[in-house]
Each structure stands twice: as structure tokens, then as C-alpha cells.
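Note sheet for the following structure.
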Amino acid sequence: AKIRHYRWEVKYEFKSPDCFKKLVITINGRSPGPSILAQQGDTVIVDLKNSLVTENVAIHWHGIRQIGTPWADGTEGVSQCPILPGDTFRYMFVVDRAGTYLYHAHYGMQREAGLYGSIRVALPDGESEPFSYDYDRSIILNDWYHKSTYEQAAGLSSIPFVWVGDPQSLLIQGKGRFNCSTPLVATGSCHATNPECSPYVFTVVPGKTYRLRIGSLTALAALSFQIEGHNMTVVETDGHYVEPFVVNNLFIYSGETYSVLVTANQDPSRNYWAVSKMVSRNNTTPNGLAIFNYYPNHPRKSPPTIPPSGPFWNDIPSRVNQSLKIKSHPGYIHPVPKTSDRVIILLNTQNRINGSVKWSINNVSFTLPHTPYLVSLKENLLHTFEQTPPPDVISGYQNYDINKVAQNVNATSSNSVYRLKFNTTVDIILQNANTLNVNNSETHPWHLHGHDFWVVGYGNGKFNASEDPKRYNLVDPIMKNTVPVHPYGWTALRFIANNPGVWAFHCHIESHFYMGMGAVFEEGIDKVGTLPTSIMGCGDTKRFLRP
Ligand code: C2O
Ligand code: CU
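Heads up, this note's numbering is the position in the sequence shown plus 25, with the first residue counted as 1.
Okay, here's the thing in C-alpha cells:
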């Protein structure tokens with residue numbers, strides 16, 4: 026195994042990823058940042074210098090389980106104190122499984138300012154995937170806002186509440202296109218001819234097969250991605266091999282990754298469009314466009330056709346259908362425990378607290394403490410967060426009508442955590458419900474740090490605790506780290522609490538997590554090794570830094 030050593034400098038720079046100029050958080054001058062390329066078993070070291078001048082930072086390695094290194098998870102408030110301006114923080118962890126992963130800021134709402142990138146972990150020498158391809162490429166899909174992360178965060182926590190609204194554009198590998206002639210765009214801030222916002226070009230050689238690793242790190246949007254005239258075979262998701270299936274368009278939610286195989290088998294005399302489209306919410310965001318370029322056509326030559334328009338935003342059945350199709354590849358099934366030791370039903374609701382709009386789980390809107398849980402729990406600083414754990418099932422769940430706006434929309438906020446018994450099997454039921462608006466339920470992609478879980482079931486309507494578990498897929502469920510709960514539906518996950526540490530579990534929509542849509546699990550804290558002092562310095566952790 027090798028050591029992969031990266032030195033990154035994080036800073037603000039003016040960039041025009043969609044032709045509109047704004048301040049973007051870059052790594053070594055780039056957004057998306059440099060890709061991490063490693064091989065299974067390698068140790069990755071990232072020396073991260075914070076040059077943001079007036080802003081803290083933290084970076085999370087999304088999909089890397091951090092076995093034995095829970096302090097390297099990069100989650101501000103959970104696994105570490107934020108990195109101060111001017112400081113350099115060393116992240117060091119082992120990438121223990123091949124696959125497609127991501128990294129991104131995990132402090133406030135910095136991710137949407139452009140601080141993200143991809144991680145690609147190759148198989149050990151001599152091992153091969155259960156599929157073949159000629160070339161391996163990665164792209165990240167994203168949505169893009171023109172307001173600063175500060176304006177957005179302030180709006181979300183002010184009274185009256187100011188929603189972030191629809192993204193201004195969609196980016197494919199950091200490139201998009203905003204219409205600079207939109208009224209009220211300040212002169213000088215938008216240039217349609219800026220080469221920074223020329224479409225991303227994916228060049229292919231006719232006849233060759235490409236493994237395209239697609240990750241989504243949208244702040245809000247659920248996406249559909251397609252390549253005009255080409256089918257895609259889904260073969261991997263979140264680091265696990267999928268029983269292959271063919272799609273015309275791929276639905277992908279924030280925090281998910283997929284590998285698809287695409288063969289350049291169409292008329293080679295022209296180029297084609299690759300399109301990302303926002304779905305699941307009615308929206309005004311224009312589609313993201315890239316060029317699927319057949320060599321040797323000119324990479325900037327526009328395809329002669331109009332880009333495919335993609336599925337309707339409200340076509341929920343097609344999205345649920347794709348979720349149901351994702352099964353483990355038969356040769357790579359991780360046997361799932363047949364029973365679980367604990368069932369936690371997490372009711373996802375939109376609420377009001379003191380006049381502000383929040384998201385809650387079992388009526389608790391999550392807030393982060395100032396002292397990271399990993400330090401508090403390991404060192405017994407139990408006064409630093411609320412000790413009454415959130416409920417496993419909300420009281421009155423039996424009578425809760427998920428199809429209506431709640432009778433009592435008030436919730437409480439808390440920073441308490443779920444404490445799991447080490448090595449036990451836990452079922453999580455994500456139960457969706459109506460929002461504060463009549464006839465509205467949203468899609469939420471839930472991401473678990475520190476683990477992969479089996480996706481054992483999806484259902485429409487309200488989860489039935491005595492009947493639905495009988496229909497769980499315990500034969501070939503896929504393992505993932507991020508999964509959607511569809512509107513008015515439920516999703517059931519199973520995982521083993523076998524990774525000592527403290528782990529966030531949250532909706533990957535950045536504004537939703539900011540509005541309280543999350544929870545935290547602790548397991549085996551007594552088995553966590555000595556914490557590095559580099560993660561300390563904030564809240565009550567200062568006591569460990571005094572001589
Ligand atoms: Cu990719 Cu806690 O997030
Ligand atoms: Cu959400």
C-alpha cells in the first residue's frame with residue numbers, strides 16, 4: 026500500500042463557472058478541487074491550509090468509513106473543531122475499499138460555495154471488476170447559486186424566513202451556463218463568451234466503452250442525467266457493484282455516486298448533448314449541458330439537435346422504479362443480518378420553531394454543539410450537549426397522518442444523540458410526510474457517515490411495522506451510504522454499529538441539514554483510540570490544550 030500525499034490550499038477566488046462572476050472557494054485554485062486517486066488499502070494524507078482569511082473550514086471524505094480514524098471524518102461539530110484561518114490541518118486515513126467517492130466542505134453551508142471534489146479508489150493489483158471498459162472517467166454534477174453562502178444561511182435562519190430558492194444553473198464537472206441577458210444582472214459580472222463557462226467536453230473514441238463515474242453534490246436539486254442517443258448500464262453505486270441494468274436517464278441525488286458504462290456506438294460524424302435536469306421540485310433552473318464529443322470532431326462543435334428535454338420534474342414513479350432496480354451484484358453480496366436489535370423510525374417533517382421554518386426528525390430539529398461530540402463523548406464532557414436522547418419512535422406515531430400538514434407544526438430543537446450498542450444491528454426507517462404546504466412532500470437523500478447500510482426496502486405511504494418488514498429484501502440488497510426517501514414514502518435501512526466513533530446521519534440537501542434535518546449516532550466510544558489534539562481548540566476542548 027502506498028501513501029498518497031496531497032497539499033491543498035483553500036481560498037476564495039473570483040470564478041465564473043456558469044459565466045456569472047462570484048466568489049468561489051477553491052482548492053489550489055480549482056473548483057471542483059483536485060481528484061484524489063488512490064488504490065484500495067492506501068493511506069491518504071491531505072495537508073489542508075486554510076487561506077480563507079476570515080472563515081473556518083472542514084472537509085468531509087464522503088463514503089470513506091474512517092475505520093479506526095473517526096477523528097479524520099471532517100465533520101465540524103461532530104468529529105472535529107473547525108480549522109482556523111491560517112492553520113494547516115492534516116487529514117490522514119486509509120481508503121479501505123475500491124469505489125467512487127466524494128469529498129466536500131462540512132462546515133456551515135460552504136459546500137455550495139464550490140468546495141468539493143471526487144475520490145477514486147482503484148482495486149488492488151491483480152483484481153478486476155465484474156465488467157469491462159476501455160477508459161475510466163469521473164464527473165461531478167452540481168447545482169449553482171449566485172448568492173453567497175452567508176446570504177443563504179442568514180435567510181434560512183431569519184424571521185421572516187427566506188428560502189434559498191431554485192439554483193441559477195446546473196454544473197457538469199464545474200461548468201454551466203447562466204443566461205447573462207437575464208434582467209437585473211449587474212453589468213460586468215456576466216460574460217457569455219468567458220471560456221471558463223464553455224460547456225464541459227467529454228471526448229470519446231468511436232467504438233470504445235467508458236466507465237463514467239458520476240457523483241452528485243448538489244445543494245438542493247435531485248437530478249436526471251442523460252447522454253443523447255446513448256444508453257447507460259449502471260454497474261456501481263457508492264462503492265458497491267450493482268446487478269447491471271440499463272437506463273436512458275439516471276436519477277441521482279445529492280451525495281450519491283454511480284458508475285455507468287457508455288459505449289460510443291452512435292453515428293461518429295457528430296457530437297451529442299449530455300444533459301442534467303432538476304427533478305422532484307417544480308423549478309425554473311435551466312438544464313445543465315455538456316458536449317459528448319466523438320473524436321475527431323471538433324470538441325466545441327455544437328450537436329446538430331436540440332438537447333433531450335428529460336423526464337417531467339414530477340414523474341415520481343420513474344424515480345421510485347430506479348430505486349427498486351438497484352440490487353447487489355450477485356457475485357458481491359454482503360450477507361445481511363436476518364434480524365435487527367433495534368428499530369428507529371425517523372419521521373421527517375417540516376416544522377415551525379419560533380416563527381422560523383425548520384426540518385425535524387421525530388419532532389426534534391437538530392443543531393450542532395460547539396464542542397465536537399467525538400471529544401465530548403470520549404472525554405465525558407457530557408454537559409456540552411443535551412443528554413436526553415431523541416425518541417426511537419415519535420409518540421403518537423400510530424395516529425400521525427403523513428398525508429396532511431401536521432396538526433401541531435411546532436417542534437423543538439436539540440443537539441442530543443442516539444447512542445447505539447456496539448456491534449448491534451440497527452434498522453432505520455426513514456418516513457416521509459407532508460410539508461407545511463398542502464399536497465407537498467419532498468425527496469430527501471439521507472447520508473450516513475462511517476458506514477454503509479443495506480437498503481432493505483422502500484414503500485409508499487406509511488410504514489407498517491408488523492407487515493412491511495416481511496417484505497424486506499434480505500437476499501440481495503445493495504449497500505450504499507446515501508439513499509433517497511421518496512415523497513410520501515418510506516425507506517428502510519439496516520446497518521451494523523461496528524465502527525467506534527460518532528457519526529452524522531443527515532439529509533444531504535445542504536439547506537435542509539442547516540435547517541435541522543439530521544441526527545447523530547454514537548457507538549463504541551470506549552474503543553476509540555487517543556484523540557489527536559489537532560481536532561481540538563473550540564468549545565470545551567480547550568481544556569486539553571492547556572499545559
Ligand atoms: Cu456528504 Cu455529512 O455529508
Ligand atoms: Cu431534505
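A virtual CB, placed ideally from N, CA and C, is assigned to each residue, including glycine.
- Counting only residues whose CB is nearer than 6 Å to a non-hydrogen atom of the ligand CU, the list in chain order is 469, 532, 534, 537 and 542.
- The closest CA to that of residue 92, considering only 69, 120 and 101, is found on 120.
- Per DSSP, residue 174 lies in no beta strand (DSSP E) segment; the continuous alpha helix (DSSP H) that holds it begins and ends at 174-181.
- It is roughly 5 Å from the alpha-carbon of residue 286 to the alpha-carbon of residue 235.
- Per the Cβ contact rule, the segment 123-143 is in contact with the segment 80-90 (3 or more Cβ pairs under 8 Å).
- Remark: the shortest separation between the CB of residue 255 and any heavy atom of the ligand C2O does not fall under 7 Å.
- CA-CA distance, residue 483 to residue 353, rounds to 15 Å.
- Residue 496 and residue 529 have their C-alpha atoms roughly 28 Å apart.
- Relative to the ligand C2O, residue 280 has its C-beta within less than 7 Å of a heavy atom.
- For residue 305 and residue 431, the gap between their C-alpha atoms comes out near 22 Å.
- Nearest neighbour of residue 550 by Cα position, chosen from 126, 522, 59 and 108, turns out to be 522.
- Comparing alpha-carbon positions, the option among 272, 249 and 392 lying closest to residue 339 turns out to be 249.
- Residue side-chain check: residue 97 keeps its Cβ at 7 Å or more from all non-hydrogen atoms of the ligand C2O.
- Not one heavy atom of the ligand C2O lies closer than 7 Å to the C-beta of residue 138.
- The closest heavy atom of the ligand C2O lies less than 7 Å from the beta carbon of residue 100.
- The shortest CA-to-CA distance from residue 369 to any of 449, 397 and 336 is the one to 449.
- If you keep only unbroken beta strand (DSSP E) runs of at least 3 residues inside the segment 101-137, you get 113-119 and 124-130.
- In this structure residue 273 is in contact with residue 251, their Cβ atoms being roughly 6 Å apart against a cut-off of 8 Å.
- DSSP places residue 345 inside the alpha helix (DSSP H), whose first and last residues are 341-350.
- Runs of the beta strand (DSSP E) lying entirely within the segment 362-446, each at least 3 residues long, are 367-378, 381-386, 389-391, 437-439 and 443-445 in chain order.
- Residue 258 holds the alpha-carbon nearest to the alpha-carbon of residue 157 among 258, 220 and 476.
- For residue 539, the enclosing alpha helix (DSSP H) covers residues 535-539.
- Going by beta carbons, residue 510 and residue 469 fall inside the 8 Å limit.
- A straight line joining the alpha-carbon of residue 540 with that of residue 218 spans about 38 Å.
- Three or more beta-carbon pairs separated by less than 8 Å are not found between the segment 92-111 and the segment 47-67, which leaves the two stretches without contact.
- In the three-state reduction of the DSSP assignment, residue 319 falls in the strand class, which pools E and B.
- Of all alpha-carbon atoms in 27, 55, 33 and 57, the one lying nearest the alpha-carbon of residue 69 is that of 27.
- Burial is judged here by how many other beta carbons sit within 10 angstroms of a residue's own beta carbon; residue 515 has at least 16 and is buried.
- Rounded to the nearest angstrom, the gap between the Cα atoms of residue 112 and residue 422 is 47 Å.
- Contact between residue 220 and residue 319 does not hold, since the beta-carbon distance rounds to 22 Å and is not under 8 Å.
- Collapsing the DSSP output to three states places residue 218 in coil.
- Look at residue 357 here: in three-state DSSP terms it is helix.
- Spanning the alpha carbons of residue 527 and residue 101 requires a straight line of approximately 12 Å.
- Not one heavy atom of the ligand C2O is found less than 7 Å from the C-beta of residue 395.
- Separation of residue 548 and residue 446 (C-alpha to C-alpha, rounded to the nearest whole angstrom) is 6 Å.
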